[in-house]
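Protein sequences appear in the order of chains E and P.
The working numbering puts the first residue of the first sequence at 2, with every later residue one more than the last.
The working numbering puts the first residue of the second sequence at 82, with every later residue one more than the last.
To keep things clear, I will list the structure first and then write my remarks on it.
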Amino acid sequence: MTGPGAEGSERGLRPLGRLPPPEACPRREAWQMARSLSRRARQTVAGYLFLSPAILFYLVFLLFPVGLSVYISFTNWNMLAPLERARWVGFSNYTYLLTRDDMFIASLKNTLVYALGTVFIGMAIALGVALLINNVRGSALWRFLIFAPVVTPAIAVGRIWGGIYHPSQGYLNQLLRAVGLPPQQWLSSAELALPSIMATAIWAGVGATVIVFIAGLRNIPAQYYEAARIDGARPWHEFWHITLPMLRPTVLFLSVTGLISAWQVFDLVYSMALGGTEAGTTPARAVMVVALYLYTTAFRNLRAGRATAGAMILFFIIFGLTLILLRVLRRGGLEAYE
Amino acid sequence: MGRNQQRRGWTLVCTAAALAAVMAVALAGPGTALAARTKIVWQVHWTDFQIDGIYQGDRLVARGLRQWVEEYERTHPDIDIELQSIPMEEYLNRLIVAQAAGTGPDIISVLNTWGPQLVYDGVLDPVPADLVADVRSQYIPVAVEGATVDGQIWGIPFEVGNYALVYNKKHLQEAGFSGPPRTWDELVQMGAKLTRRAADGTVERYGFAFLAGWESAVVHPYLGLLWSLGGDFLAPDFSRATFNGPEGLAALEAELQLFRSGATDVSASVWEFPQGRVSMMIMASWYESSLKQAFGSEYEATVGVAPIPAINGKSVNAAYSWWLGVNAQSRVKKEAWDFIRWFTAQTLPDGTTRMGTYQAENIGSIPPRKGDLAGHPEQLDDLYTRVFVQELANARHEPNVLQGAEIKTILWHEIVEAWHGRKTPQQALDDAASKIDDILREFYG
Numbered sequence: 002m003t004g005p006g007a008e009g010s011e012r013g014l015r016p017l018g019r020l021p022p023p024e025a026c027p028r029r030e031a032w033q034m035a036r037s038l039s040r041r042a043r044q045t046v047a048g049y050l051f052l053s054p055a056i057l058f059y060l061v062f063l064l065f066p067v068g069l070s071v072y073i074s075f076t077n078w079n080m081l082a083p084l085e086r087a088r089w090v091g092f093s094n095y096t097y098l099l100t101r102d103d104m105f106i107a108s109l110k111n112t113l114v115y116a117l118g119t120v121f122i123g124m125a126i127a128l129g130v131a132l133l134i135n136n137v138r139g140s141a142l143w144r145f146l147i148f149a150p151v152v153t154p155a156i157a158v159g160r161i162w163g164g165i166y167h168p169s170q171g172y173l174n175q176l177l178r179a180v181g182l183p184p185q186q187w188l189s190s191a192e193l194a195l196p197s198i199m200a201t202a203i204w205a206g207v208g209a210t211v212i213v214f215i216a217g218l219r220n221i222p223a224q225y226y227e228a229a230r231i232d233g234a235r236p237w238h239e240f241w242h243i244t245l246p247m248l249r250p251t252v253l254f255l256s257v258t259g260l261i262s263a264w265q266v267f268d269l270v271y272s273m274a275l276g277g278t279e280a281g282t283t284p285a286r287a288v289m290v291v292a293l294y295l296y297t298t299a300f301r302n303l304r305a306g307r308a309t310a311g312a313m314i315l316f317f318i319i320f321g322l323t324l325i326l327l328r329v330l331r332r333g334g335l336e337a338y339e
Numbered sequence: 082m083g084r085n086q087q088r089r090g091w092t093l094v095c096t097a098a099a100l101a102a103v104m105a106v107a108l109a110g111p112g113t114a115l116a117a118r119t120k121i122v123w124q125v126h127w128t129d130f131q132i133d134g135i136y137q138g139d140r141l142v143a144r145g146l147r148q149w150v151e152e153y154e155r156t157h158p159d160i161d162i163e164l165q166s167i168p169m170e171e172y173l174n175r176l177i178v179a180q181a182a183g184t185g186p187d188i189i190s191v192l193n194t195w196g197p198q199l200v201y202d203g204v205l206d207p208v209p210a211d212l213v214a215d216v217r218s219q220y221i222p223v224a225v226e227g228a229t230v231d232g233q234i235w236g237i238p239f240e241v242g243n244y245a246l247v248y249n250k251k252h253l254q255e256a257g258f259s260g261p262p263r264t265w266d267e268l269v270q271m272g273a274k275l276t277r278r279a280a281d282g283t284v285e286r287y288g289f290a291f292l293a294g295w296e297s298a299v300v301h302p303y304l305g306l307l308w309s310l311g312g313d314f315l316a317p318d319f320s321r322a323t324f325n326g327p328e329g330l331a332a333l334e335a336e337l338q339l340f341r342s343g344a345t346d347v348s349a350s351v352w353e354f355p356q357g358r359v360s361m362m363i364m365a366s367w368y369e370s371s372l373k374q375a376f377g378s379e380y381e382a383t384v385g386v387a388p389i390p391a392i393n394g395k396s397v398n399a400a401y402s403w404w405l406g407v408n409a410q411s412r413v414k415k416e417a418w419d420f421i422r423w424f425t426a427q428t429l430p431d432g433t434t435r436m437g438t439y440q441a442e443n444i445g446s447i448p449p450r451k452g453d454l455a456g457h458p459e460q461l462d463d464l465y466t467r468v469f470v471q472e473l474a475n476a477r478h479e480p481n482v483l484q485g486a487e488i489k490t491i492l493w494h495e496i497v498e499a500w501h502g503r504k505t506p507q508q509a510l511d512d513a514a515s516k517i518d519d520i521l522r523e524f525y526g
């Protein structure tokens, strides 16, 4: 036997593209129909049949919910009444959010500041730490210590830092007093609350970024540095002209994943400023973030339609930012030297 | 047919039967009659000892909800009551999700703020006539008002909450005050004198702290002032907000006096009262057990409670309430109402009800049924709760308005803006009123 199916046949498999004789087929009509299809069409059908569980999964768990969310965003659904009783309101949820709702606008601004601040300041700090501990003795211990906050639940981090920021009993103000500086209202001041939460987020997340940077640093071939040193490069030149360009894929990865994650921040703000009975008097406009706004709108204010419209806006913002980052940072690393 | 084929056939039949049984149970969901027992699901916002009871060693000193339910199940062997315990802050979320999925509980504990929306969306079953009559005749007016939406009673009140001035007796004595402030001006003056600062200006002790952190915490004390000054929150027909008039402005100015005098600031927190870092606060009735626990043997010597200082010669305080309703989607509505009737309306020989006893002895809250208010002097006539019970006579229930939580949240955020000085009081109130007017137009226009 020759042809593409021969090898399979020798292993005891049915040759690809061949059909059994009509008498072996349980239903003659089916066999004739199948035979009438070209080999390519049969392969295509078979391919889709194999893919069908995955396609079904995506239809049920991704496309359908997304489609439904888009629909809900154009209604006044409150989740208590059946969806079919919801009224179609056109773009009014979107126009209200973008033109009338100053809390949503404030939440967009705050989240943008939070995302840019935590991601880029966090990356700068993480890169510095990664360079410091990459090749030192006891690097594994340092990595462990720096990574520890990453595995601490955000609510616990919020509580711990809430104590550190406490106006009269917190360590931070005690430190300020010890050096003769005036104590601050870290979490209740409109000006300081968001930066204080951002600092906590950076502390809590920098460990993961350090680990990724260390992996990136270890992937840079040593010969680049050797060649540079032979040419008389100083450490700063090595960093600027070798390390940083070679880390561009790492920076891209961290920026994209970090920004997507930062735009969804909820737990830290909730636990440190706006959540429940032990929260203080932080002005909501100073710290409200989009995810918390959406939660409040959907589940407290019973406006699922408006919250879903906000989620759509959030999606397009994250999508746009990701595209920009991909455009700006997609080249780099080894391929830049090819 | 070969033996193997026969066995396979039986296996298939048994598997199919088992699957069918599992599917039937799964599809049946809560609130169904399983065999001879009828299952009633009650979603409660109580947790821990409130469900399981309070024990001293092995001795049960205050029944939890479970023990009451077990008593009902013993006397009604055909009934099985499942308690779904959900923390208060997640209660509405879980109810919404369950309702959307068609698996809502049979009995719902309703905070009055949610009531109008639950009624409007057909979530609640109308209350049987005998229970309506019982509520009208046996409950205090403020609780009846709380369970009423559009003139109709939609549930059985089981808790009413209001506010009073809680103060640290020792702080007041140290500062030379013989008693708590009786007027708002006295509160401002005393608050300023009670505040203690370190050499670097750090506040070591606040003379006064406002409750904060969620909408009712900030809005209820403000409403008390507003009503005392003769103003109103919303127009009676809910056509517009009315709190941004002169009385509303005066009420917010009264709060700001405490900030300007140095009695408080935005960092002051009522949760530091137990640590002795706050001398006075306007607090709700449910805080008693925390204070007892915090002060231990010093509780009676330290904690004092008084009516909220009068402003304009009046001291109206805002009230809220909880009530029990039955899910209109429930398939066991009659059984659910029967249980509620047994728990809340059937009186014991001493004139109290089981629910009233549970509220007073275990939860530590104020039951709104007259017989229960009179029948638990040990809990309701004590150092802390006595004033709250007395002040119910001066209490006014917050309005049951659609989107109540959203409306209060808007006002809360704007009041806090004024506390921080980020907006003038008038600007804050006008901004809140403008947004609330939009909501009222949407739902009542």
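For each residue, glycine too, the CB sits at the ideal point set by N, CA and C.
Fair warning: this is a prediction, and the values are worked out from it, not measured in the lab.
Counting along the chain, P/F420 sits inside the alpha helix (DSSP H) bounded by residues K414 to I421. By the CB criterion at 8 Å, P/V386 and P/V284 fall outside the cutoff. At the C-beta level, E/L84 and E/G311 stay beyond 8 Å of one another. The beta carbon of P/D206 sits closer than 6 Å to those of V407, A409 and K414, all from its chain and outside the five residues before and after it, given in chain order.
Check the Cα spacing between P/W423 and each of P/A117, P/T156, P/R118 and P/D139: the tightest is with P/T156. Excluding the 5 residues flanking it on each side, E/Y226 has same chain C-beta neighbours closer than 7 Å at E239 and I243, in chain order. When rounded, the separation of the alpha-carbon atoms in P/S402 and P/K373 is 24 Å. Taking the CA atoms as reference points, E/N220 sits about 11 Å from E/P250.
With contacts defined as CB atoms closer than 8 Å, P/M364 and P/A476 fail to qualify as a contacting pair. Less than 8 Å divides the Cβ of P/I221 from the Cβ of P/L473. Counting only residues of its own chain and dropping the five nearest sequence neighbours on each side, E/G129 has no CB closer than 7 Å to any other CB.
Taking 8 Å as the cut-off, the Cβ atoms of E/A194 and E/T119 do not count as close. Here P/D202 is near E/L81, since their CB atoms are less than 8 Å apart. Residue-level contact check: E/A179 does not touch chain P, since none of the beta carbons of chain P fall below 8 Å from its beta carbon. Rounded to the nearest whole angstrom, the CA to CA distance from E/N174 to P/T128 is 37 Å.
In this structure, the beta-carbon distance from P/A273 to P/A344 falls below 8 Å. With distances taken between CA atoms, P/Y465 lies nearest to P/V384 out of P/V384, P/G138 and P/Q124. For the pair E/T100 and E/G306, the CB atoms are not nearer than the 8 Å cut-off. The C-beta separation of P/G196 from P/N398 comes to about 20 Å, leaving the pair out of contact by the 8 Å criterion. P/R277 and E/Q170 have their C-alpha atoms some 15 Å from each other.
With fewer than 16 other beta carbons inside 10 angstroms of its own, E/I231 counts as exposed. From the beta-carbon of P/L199, the residues of chain E found nearer than 9 Å are L81. Distance check between P/K451 and each of P/R341, P/E255 and P/D431 places P/D431 closest, using alpha-carbon atoms only. Secondary structure note for E/T112: it is in no beta strand (DSSP E), and the uninterrupted alpha helix (DSSP H) holding it is D103 to L117. Residue environment: P/K395 is assigned as exposed (fewer than 16 neighbouring CB atoms within 10 Å of its CB, all protein chains considered). With the criterion set as a beta carbon lying under 7 Å from some beta carbon of chain P, the members of the segment 293-321 of chain E are F300, R301, N302 and L303, in sequence order. By the C-beta density criterion, E/T153 is exposed, having fewer than 16 other C-beta atoms within 10 angstroms. DSSP places P/G385 in the strand class (E or B) of the three-state scheme. Within the segment 172-228 of chain P, the beta strand (DSSP E) runs of at least 3 residues that lie entirely inside it are, in chain order, 188-192. For E/G91, the CB contacts under 8 Å within the same chain, skipping 5 residues up- and downstream, are F75 in chain order.
Residue environment for P/N193: buried (at least 16 other C-beta atoms within 10 angstroms of its C-beta).
Interface with chain E (8 Å Cβ-Cβ cutoff): P/I177 is included. Taking 8 Å as the Cβ-Cβ cut-off, the segment 182-201 of chain E approaches chain P at P183, P184, Q186, S189, S190 and A191, given in chain order. Taking the Cα positions, E/L327 is about 7 Å away from E/L253. Closer than 8 Å to the CB of P/D202 there is at least one CB belonging to chain E. Interface with chain P (8 Å Cβ-Cβ cutoff): E/T100 is excluded.
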